[in-house]
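In structure tokens form, the structure reads like this:
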């Protein structure tokens, strides 16, 4: 009996310290979500303007003939940029992304396109190395607060492989979109070749007819890579915010579970303690009775 | 008189937005001045350029160092999409001077040091935006 009591006490202690850790992680994550959301908001104006500029150029020049916008007739290789997190403790965050990436991979293979993974985040990298998969590129160390230079580095590598003679013909990006604090969705997007968004309905105001300094070609040359960078940057920021949100959720349910466990163990411990006391009392009473009986028998 | 609506944005944040009478920026082709009713333009900005926004109405001009990026003008809306930008009032003059000196030293050591040349350009633009004299 005493052994069981000690065992339960030890378990409660260990669960309690786990709960402390998960609670702290939860609080840290919630404070970081706010920061990540602010950074997401701050990046919106630039992205909006650059998207407007790209649509402006593309709708102006009737025949866009830039290497980054032309789709190859028979694509044979596709780069898949997979944005995961550096650290775990965030529920199904990474598993969801990797599952989606696998689905995209088999979809591409079905079309006769060989996917080449480019991975961001330590979790994704270990997942790929563990399975012995070749990676086209890997980056880590900035998943919870990416800077623009990180996005630039990734975009440079991707554009380089895209432009190379025997490089990839398409670039897809698998990342998590931050919808709200409670909802994050894994999305798959093709970023290259650029899809020129042609809306069937006319916009309210006709797009202005731009003049170019120095020329349409030169503007497009420097505009398109910036556009790709900005798309990747926004994916990184969204993924960072989502990572914190799903970590907060995972840690919250871990803390709740730990508290529930503590409650159950405490009850069991009290039962054990009471059983022990009851037994001791009955032993004492039994002993006293036996003594009394023995004394009565002598008389 | 009509005013221009100006926005200066970098990928990480919106640096400034407001109304102005005139915007002067430096594209690859040369300096360009934008006033209200300007035809739509999309221009590539030079590395290490200085952007001047004339706010009019007695307010002082806004000067910023802009490193690369684009200028887009449409319907009296001017957007400056800078890869990196800094308002003149935010420039750390001592740090910029220091950066300029270091860049010049490495250019002297190696004439083909492209990174240092860019760094020097940037430092000069930052100093100019801060209103310092640069040789």
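Protein chains in written order, with our numbering: chain U, 1 to 299; chain Z, 1001 to 1135.
All C-beta atoms in this analysis are idealised placements derived from N, C-alpha and C, irrespective of residue type, glycine included.
A quick note: this is a predicted structure, and the numbers were derived from the prediction, not measured.
Verify the CB distance criterion: does residue i have a CB-CB separation below 7 angstroms to chain C?
| i | result |
| --- | --- |
| residue 106 of chain U | Among the chains of the structure shown, chain C does not appear; the protein chains present are U and Z. |
In its own chain, which residues sit with a C-beta less than 7 angstroms from the C-beta of residue i, not counting the 5 before and 5 after it?
| i | result |
| --- | --- |
| residue 66 of chain U | 220, 224 |
| residue 379 of chain U | The structure shown does not extend to residue 379 of chain U, since chain U spans only 1 to 299, so no value can be given for it. |
| residue 212 of chain U | 219 |
| residue 1126 of chain Z | 1065, 1086, 1091, 1096 |
| residue 289 of chain U | none |
| residue 122 of chain U | 86, 140 |
| residue 1030 of chain Z | none |
| residue 305 of chain U | Nothing about residue 305 of chain U can be reported from this structure: the residues present for chain U run from 1 to 299 only. |
| residue 255 of chain U | 19, 22, 23, 26 |
| residue 159 of chain U | 225, 228 |
| residue 148 of chain U | 233 |
Quick one: is the Cβ of residue i within less than 6 angstroms of any heavy atom of the ligand NAD?
| i | result |
| --- | --- |
| residue 1075 of chain Z | Ligands are entirely absent from the displayed structure, and the ligand NAD is therefore not among its contents. |
Name the residue from the options whose alpha carbon lies nearest to the alpha carbon of residue i.
| i | options | result |
| --- | --- | --- |
| residue 1018 of chain Z | Z/1031, Z/1033, Z/1045, Z/1061 | Z/1061 |
| residue 81 of chain U | U/291, U/226, U/57, U/161 | U/161 |
| residue 1069 of chain Z | U/255, U/163, U/229, U/266 | U/229 |
| residue 192 of chain U | U/210, U/165, U/232, U/295 | U/232 |
| residue 1028 of chain Z | U/42, U/16, U/216, U/77 | U/216 |
| residue 1054 of chain Z | Z/1072, Z/1003, Z/1040, Z/1099 | Z/1003 |
| residue 1073 of chain Z | Z/1107, Z/1046, Z/1100, Z/1038 | Z/1038 |
| residue 95 of chain U | U/68, U/115, U/126 | U/126 |
| residue 972 of chain Z | Z/1076, Z/1032, Z/1113, Z/1104 | There is simply no residue 972 of chain Z to check, as chain Z begins at 1001 and stops at 1135 in what is shown. |
| residue 176 of chain U | U/170, U/189, U/165, U/139 | U/189 |
| residue 1104 of chain Z | Z/1120, Z/1128, Z/1026 | Z/1120 |
| residue 72 of chain U | U/38, U/19, U/165, U/292 | U/165 |
| residue 75 of chain U | U/58, U/171, U/286 | U/171 |
| residue 235 of chain U | Z/1005, Z/1011, Z/1006 | Z/1011 |
| residue 222 of chain U | Z/1025, Z/1022, Z/1008, Z/1042 | Z/1042 |
| residue 77 of chain U | U/110, U/132, U/20 | U/110 |
| residue 237 of chain U | U/43, U/17, U/22, U/154 | U/43 |
| residue 187 of chain U | U/148, U/93, U/132, U/227 | U/93 |
| residue 157 of chain U | U/263, U/136, U/107 | U/136 |
| residue 1047 of chain Z | Z/1025, Z/1059, Z/1021 | Z/1025 |
| residue 1122 of chain Z | Z/1050, Z/1015, Z/1022, Z/1016 | Z/1050 |
| residue 1040 of chain Z | U/39, U/47, U/52 | U/52 |
| residue 1099 of chain Z | Z/1118, Z/1021, Z/1071 | Z/1118 |
| residue 146 of chain U | U/38, U/163, U/132, U/89 | U/38 |
What does residue i pair with, by DSSP beta-bridge criteria?
| i | result |
| --- | --- |
| residue 172 of chain U | U/80, U/190 |
| residue 184 of chain U | U/178 |
| residue 138 of chain U | U/119 |
| residue 1067 of chain Z | Z/1084 |
| residue 1136 of chain Z | Coverage of chain Z is limited to positions 1001 through 1135, which leaves residue 1136 of chain Z absent and any answer about it impossible. |
| residue 1016 of chain Z | Z/1008 |
| residue 1131 of chain Z | Answer by DSSP bridge pairing: none, since residue 1131 of chain Z is not bridged. |
| residue 1045 of chain Z | Z/1027 |
| residue 242 of chain U | Answer is none; residue 242 of chain U lacks a bridge partner. |
| residue 280 of chain U | None, per the DSSP bridge assignment. |
Grab me the residues of residue i's own chain with a C-beta within less than 8 angstroms of its C-beta, minus the 5 sequence neighbours each way, in chain order.
| i | result |
| --- | --- |
| residue 297 of chain U | none |
| residue 245 of chain U | 29, 33, 178, 181, 182, 184 |
| residue 144 of chain U | 32, 36, 85, 86, 87, 240, 243, 244 |
| residue 204 of chain U | Because the pLDDT at residue 204 of chain U is just 49, under 50, the model does not fix this residue reliably, and the value given afterwards should be weighed accordingly. Cβ neighbours of residue 204 of chain U beyond the five flanking positions: none. |
| residue 98 of chain U | 82, 84, 124, 127 |
| residue 202 of chain U | A caution first: residue 202 of chain U carries a pLDDT of 46, below 50, which makes its placement in the model unreliable, though a value can still be read off. If we look at residue 202 of chain U and ignore the five residues flanking it on each side, it has no Cβ neighbours. |
| residue 104 of chain U | 80, 115, 172, 174, 188 |
Mind reading off the beta-carbon distance from residue i to residue j? Whole number of angstroms is fine, and I expect it under 8 angstroms.
| i | j | result |
| --- | --- | --- |
| residue 1034 of chain Z | residue 1078 of chain Z | 6 angstroms |
| residue 174 of chain U | residue 101 of chain U | 5 angstroms |
| residue 134 of chain U | residue 1081 of chain Z | Not a contact, Cβ separation roughly 36 angstroms. |
| residue 68 of chain U | residue 194 of chain U | 6 angstroms |
| residue 1023 of chain Z | residue 1016 of chain Z | Not confirmed; about 11 angstroms, so no contact. |
| residue 275 of chain U | residue 90 of chain U | The pair is not a contact, with the Cβ atoms about 42 angstroms apart (cut-off 8 angstroms). |
| residue 1075 of chain Z | residue 1036 of chain Z | Not confirmed; about 10 angstroms, so no contact. |
| residue 1021 of chain Z | residue 1056 of chain Z | 4 angstroms |
What does a CB cutoff of less than 6 angstroms around residue i pick up in its chain, not counting 5 residues either side in sequence?
| i | result |
| --- | --- |
| residue 4 of chain U | 272 |
| residue 1130 of chain Z | 1088, 1091, 1093 |
| residue 265 of chain U | 8, 11, 12 |
| residue 200 of chain U | Confidence at residue 200 of chain U is low in this model, with a pLDDT of 43, below 50, so its placement is unreliable and the value that follows should be read with caution. So the list is empty, once near-sequence residues are dropped. |
| residue 261 of chain U | 15 |
| residue 269 of chain U | 8 |
| residue 1116 of chain Z | 1103, 1106, 1107 |
Query raised in the report: Just by C-beta distance, which residues in the segment 1019–1032 of chain Z are closer than 8 angstroms to chain U?
Result: 1027, 1028, 1029, 1032: these are the residues of the segment 1019–1032 of chain Z whose beta carbon lies less than 8 angstroms from some beta carbon of chain U, given in chain order.
Requested in this report: Could you list the residues in the segment 37–61 of chain U with a C-beta less than 7 angstroms from some C-beta on chain Z, going in chain order?
Outcome: Those would be 42, 43, 45, 46, 49, 50, 53, 56, 57, in chain order.
Report task. Would you list, in chain order, the members of the segment 217–236 of chain U that have their beta-carbon closer than 8 angstroms to a beta-carbon of chain Z? Result -> When CB distances to chain Z are screened at a threshold of 8 angstroms, the residues of the segment 217–236 of chain U falling below it are 218, 219, 222, 223, 226, 229, 230, 233, in chain order.
Query raised in the report: In the segment 143–173 of chain U, which residues sit with their C-beta less than 8 angstroms from some C-beta in chain Z, listed in chain order?
Result: The residues in question are 147, 148, 151.
Requested in this report: Give the residues from the segment 114–148 of chain U that approach chain Z closer than 7 angstroms (Cβ to any Cβ), ordered along the chain.
Outcome: Answer in chain order: 148.
**Report entry** Contact set between the segment 1088–1108 of chain Z and chain U, restricted to residues whose Cβ is under 7 angstroms from the partner
**Finding:** In summary, no residue of the segment 1088–1108 of chain Z has a CB separated from any CB of chain U by less than 7 angstroms.
Query raised in the report: Between the segment 1004–1017 of chain Z and chain U, which residues of the former have a C-beta closer than 7 angstroms to a C-beta of the latter?
Result: The segment 1004–1017 of chain Z vs chain U, Cβ under 7 angstroms: 1007, 1009, 1010, 1011, 1012, 1013, 1014.
Report task. Select from the segment 1033–1046 of chain Z all residues with a C-beta closer than 8 angstroms to any C-beta belonging to chain U, and list them in chain order. Result -> Of all residues in the segment 1033–1046 of chain Z, only 1039, 1040, 1041, 1042, 1043, 1044 place a beta-carbon less than 8 angstroms from a beta-carbon of chain U.
Query raised in the report: What residues in the segment 1059–1081 of chain Z have a beta carbon less than 7 angstroms from any beta carbon of chain U?
Result: Against chain U - using a Cβ distance shorter than 7 angstroms - the residues of the segment 1059–1081 of chain Z are 1070, 1072, 1074, 1075, 1079, 1081.
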